[in-house]
Amino acid sequence: MKSKLLIFICLMFMITSGCTTVQSLVSQQNQKEVLFYTTYGFQQGDEWVIPMRVFVHRQRNRTKGVAASFAARRYGLNDYEKELFKTRADDFVADGEWREVVEFVFAKDPENRAYRIKNKNGKVLRTDFDGLKEGYIRIPVSRADSLLHYQQTTDNWLDIQAVSNLHDGNGKIQLLEPEGVSVISDIDDTIKVTELPAGSDVVIRNTFFKDFEAAPGMYSLYDIWKENNAAFHYVSGAPWQLYDPITSFLFDVERESLYPKGSFHMKTVRKSFFNPGTWADFGKLLFGKNVTKNQKTGQITTLLERFPERRFILVGDSGEKDPEIYSAMRERYPEQVKKIIIRDVVNAREHEPDRLTGMEIIPARTIYSGVSQK
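The numbers in the sequence shown follow the working numbering, run straight up by one, and end at 375.
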């Protein structure tokens, strides 16, 4: 995701994020939404270790309306585009709730045992100024087997739901066996048309003001892998604030091309003035040349190292750095990286064939700078 896009949207919402309105003070006792980002578990000895990321927040409808009016004037939006922007901007303008401890239970658990997210040393974690918390839970293998039995799941997916005071939300966790096949997939211009090579103005419109569009011909591949019991990990340079719109699109039950469920790994862009990490995030966006490359490399490396016996198929596009990232992963983990598949959106197979050496190429409509074909 281009830096100009992130800076445009986040700077606009940072201006309002520090402002506490009378309305928000009055509504402090109202229910808070807990977003559990879809994740996975990996075995470590006789335990399942589950990395968790949650976002505790309240929606800010007034601020969302102001932001939509600003965007409408700046981009000449019609009423439909303005309403679509409000939906896409939800988590950018939401009020993150600070120092929240989230408790959750596994669905259909007769013991109704509550879990809290902890750090590696076992300390219970609270949310930061952005309402975010990242940590782990640990579950004995025998306990996990019971939970899978209670939920009658056949694909190792478990449902969870928040039970802490004034918290509302649910999520999904997949317990991944040490052996098997995993598909690591990019999103933008790989399975969803974003047109990143066209430039920031086109990307902003496709991300916030237009209906999402599936990349032609990709769903059938994922369906075959799903039928062969592959697991899926969606690794994207898009910010976590777009998680809800993206997952709603990919997993919309009303669409015929329903992508397989999987864990998500996206870019952290904090926006609270009070969070020191905010300035680090914006510094990277403004001055870092390889922000997305470094982010994806780190997240993919973590997956490969947590599952040394699994074999991986890496799927991306030629619009940015996927070929370079995947090539480095194959060189570093030759026994694990089974195949690299690249959707060629910039005709690299003719202009830069060395980028795609040893990769399976899916030809696609070429994206040109400054031109949208949607």
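We put the CB at the ideal spot given by N, CA and C, even for glycine.
May I have a chain-ordered list of the beta strand (DSSP E) segments no shorter than 3 residues that lie completely inside the region 134–184?
158–163 and 171–176
For G97, three-class secondary structure by DSSP
strand
Rounded to the nearest angstrom, what separates T195 and E112 at their Cα positions?
45 Å
Using the DSSP secondary-structure output, state which residues sit across from Y235 in a beta bridge.
S186 and F265
Closest by C-alpha distance to G408, when choosing among G77, I51, V55 and A90
Look at the range of the chain in this structure, 2 to 375, and you will see that residue 408 is not part of it.
The region 237–245 touching the region 66–85, judged by at least three CB pairs closer than 8 Å
no
Taking 8 Å as the cut-off, decide whether the C-beta atoms of R311 and V182 are in contact.
yes
If you follow the alpha helix (DSSP H) that E112 is in, where does it begin and where does it stop?
Taken as a continuous stretch (DSSP letters only), E112 belongs to no alpha helix (DSSP H), as it is neither H nor E.
According to DSSP, simplified to helix, strand and coil, what is P240?
strand
Would S186 be called buried (16 or more neighbouring beta carbons within 10 Å of its own) or exposed?
buried
Does the region 72–84 touch the region 98–106, meaning 3 or more C-beta pairs lie closer than 8 Å?
no
Need the endpoints of the alpha helix (DSSP H) that T298 sits in, please.
V292 to R307
Taking DSSP's pairing of strands, which residues face Q44 in a bridge?
W49
Assuming P52 and Y116 form a contact by the criterion Cβ under 8 Å, report the distance between their Cβ atoms to the nearest whole angstrom.
Between Y116 and P52 the Cβ distance is about 13 Å, and since that is not below 8 Å, they are no contact.
According to DSSP, is V346 part of a helix, a strand, or is it coil?
coil
Look at the alpha carbon of K227 and the alpha carbon of R74, and state the distance between them as a whole number of angstroms.
44 Å
Tell me whether the beta-carbon of V347 lies closer than 8 Å to the beta-carbon of I362.
no
Inter-residue spacing [alpha-carbon to alpha-carbon] between R350 and F308
32 Å
Nearest to G170 by CA position, among D160, L176 and P240, is which residue?
D160
Shortest alpha-carbon distance to K33 belongs to which of R206, A215 and A163?
A163
When the Cα of A145 is compared with those of D131, I174 and E135, which residue comes out closest?
I174
Which residue wins for smallest C-alpha separation from L197, given the options G317, L36 and M219?
G317
Tell me which residue opens and which closes the beta strand (DSSP E) that V316 is part of.
R311 to D318
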